[in-house]
Amino acid sequence: MKLAVDATSLLLPRTGIGVFTSEMLRALAARPDMQVSVFNTSPRGRGQGWLPSDIGDGVHEVPGRMPAGGVRWLWDCLSVPRLEWFAGEADVVHGPNYRVPPTSRAAPVVSVHDVSFEHGPPIGGPASRAHRRSVRAAVRAGAWIHTDSEYVAAEVRDIYRVEPHRVVAVPLGVRLPPAGPHPAPGSEYVLALGAVDLRKSLTTLVAAFDALASTNRDLRLIHAGPDGDASADLADAVDRSPHRDRILRLGWVDDDARAALLAQAAAVAYPSLYEGFGLVVLEAMAAGRPVVTTPVAAIPEAAGDAALYAEAGNADALASALQRVLEDQELAAELVARGRDRASGFTWARTADGLIDIYRLATGTI
1 MKLAVDATSL LLPRTGIGVF TSEMLRALAA RPDMQVSVFN TSPRGRGQGW LPSDIGDGVH
61 EVPGRMPAGG VRWLWDCLSV PRLEWFAGEA DVVHGPNYRV PPTSRAAPVV SVHDVSFEHG
121 PPIGGPASRA HRRSVRAAVR AGAWIHTDSE YVAAEVRDIY RVEPHRVVAV PLGVRLPPAG
181 PHPAPGSEYV LALGAVDLRK SLTTLVAAFD ALASTNRDLR LIHAGPDGDA SADLADAVDR
241 SPHRDRILRL GWVDDDARAA LLAQAAAVAY PSLYEGFGLV VLEAMAAGRP VVTTPVAAIP
301 EAAGDAALYA EAGNADALAS ALQRVLEDQE LAAELVARGR DRASGFTWAR TADGLIDIYR
361 LATGTI
């Protein structure tokens with residue numbers, strides 16, 4: 001099967017969708033029956049050699065020039081340029097980031113990781129309009145829709161009135177590294193990962209940390225992730241914190257730094273108000289770290305019974321849950337064991353299997 005993929009999200013800074021794109025490409029390219037080519041729509045990816053070297057030899061850059069910049073608006077609103085004009089023939093084209101190019105013959109598949117853009121604040125953000133436009137264009141074009149969770153699949157069917165069988169949930173995977181060392185004495189920190197979006201509820205985490213820090217003078221809070229629609233709110237919350245000297249914001253970090261942060265964290269906090277899956281939860285579990293998160297949207301599909309849950313938006317509940325994990329070694333060890341077992345069931349090979357099934361459905365070969 002000839003597969004074309006919009007790999008724009010591989011260009012740094014790489015986010016969770018970039019991780020999904022790179023891992024799915026690596027897993028799909030390992031299949032002997034898949035011929036995988038990629039293109040991008042960013043001015044930063046002009047010319048050859050933009051594909052990251054860690055993707056592998058089985059993925060090929062489209063040799064022709066792909067128009068950049070406003071092409072995404074053209075796709076959504078005018079259905080041009082079509083895939084075949086710049087990438088040649090393919091059986092399937094997959095858009096891993098909410099949009100897929102129009103086609104003449106190739107079957108379109110689009111990944112919709114969440115529908116936060118169909119919700120109002122604090123779940124939806126300023127980027128909502130573009131994602132909403134792109135997903136609705138894909139639905140009009142008859143694209144098959146991949147979601148990371150059954151929760152989002154149900155939302156997509158309800159919001160867009162898509163035929164149920166054309167929306168397929170395939171969970172993401174995670175790499176399972178060797179068990180990391182216990183955090184070093186005197187360097188204990190709670191780690192938060194992800195973009196600074198309103199729905200991530202990071203100001204709630206700062207308030208929870210303030211409650212913990214007043215009785216634990218060695219505890220720190222570290223956040224790593226790119227700026228988002230709540231960056232000003234988070235900066236203000238940190239500035240007002242009486243423990244701001246123990247709150248560290250790193251911004252976006254690369255994969256190696258991310259792994260190092262996970263390896264030494266005493267706990268990982270993920271207090272989101274809404275998620276379409278929760279890859280950070282699985283990454284933390286795979287790294288052998290106890291997780292405190294919220295029982296909302298699709299997070300329980302990722303976390304199962306391997307996390308400690310706290311009410312979303314409740315700083316006192318979050319502080320209490322984090323304190324339990326930090327003080328109760330038996331509980332923390334149990335969460336770590338459950339987490340590694342949970343994470344081991346989410347593999348990128350399994351994700352590739354599910355995506356190939358969608359491609360076959362889209363082309364009528366299954």
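Residues 1 to 366 in the numbering used here are what the sequence shown lists, from first letter to last.
Note that CB positions come from ideal geometry on N, CA and C, so glycine has one too.
- Secondary structure of valine 162 (DSSP, three-state): coil.
- Around the beta carbon of serine 134, 16 or more other beta carbons lie within 10 angstroms, which makes this residue buried.
- Rounded to the nearest whole angstrom, the C-alpha separation of lysine 2 and glutamate 311 is 46 Å.
- The Cβ atoms of arginine 342 and glycine 304 sit closer than 8 Å to each other.
- Between alanine 138 and alanine 362, the gap from beta carbon to beta carbon reaches 8 Å or more.
- In this chain, the beta strand (DSSP E) harbouring glycine 95 covers 92 to 95.
- Nearest neighbour of aspartate 6 by Cα position, chosen from Thr293, Ala27, Val93 and Leu74, turns out to be Val93.
- Annotation: the continuous beta strand (DSSP E) that includes threonine 147 extends over 144 to 147.
- Put simply, of Gln329, Leu308 and Glu330 the residue whose alpha carbon is nearest the alpha carbon of serine 320 is Leu308.
- When only Cα atoms are considered, glycine 173 and tryptophan 348 end up about 4 Å apart.
- Looking at the backbone, the Cα of alanine 90 and that of alanine 284 are separated by about 37 Å.
- Taking the CA atoms as reference points, isoleucine 356 sits about 11 Å from threonine 365.
- Cβ-Cβ separation between isoleucine 299 and serine 272: approximately 7 Å, consistent with a contact (criterion under 8 Å).
- For glutamate 155, same chain residues with a beta-carbon under 6 Å away, outside a window of 5 residues either side, are Val115 in chain order.
- Counting only runs that start and end inside the region 192 to 233, the alpha helix (DSSP H) elements of at least 4 residues fall at 202 to 213.
- Here valine 36 is bridged, per DSSP, to Leu3 and Val59.
- With contact defined as three or more Cβ pairs closer than 8 Å, the region 139 to 153 and the region 323 to 339 are not in contact.
- If you check the CB distance, glycine 278 and valine 336 do not come in under 8 Å.
- In this structure, the beta-carbon distance from leucine 10 to glycine 18 falls below 8 Å.
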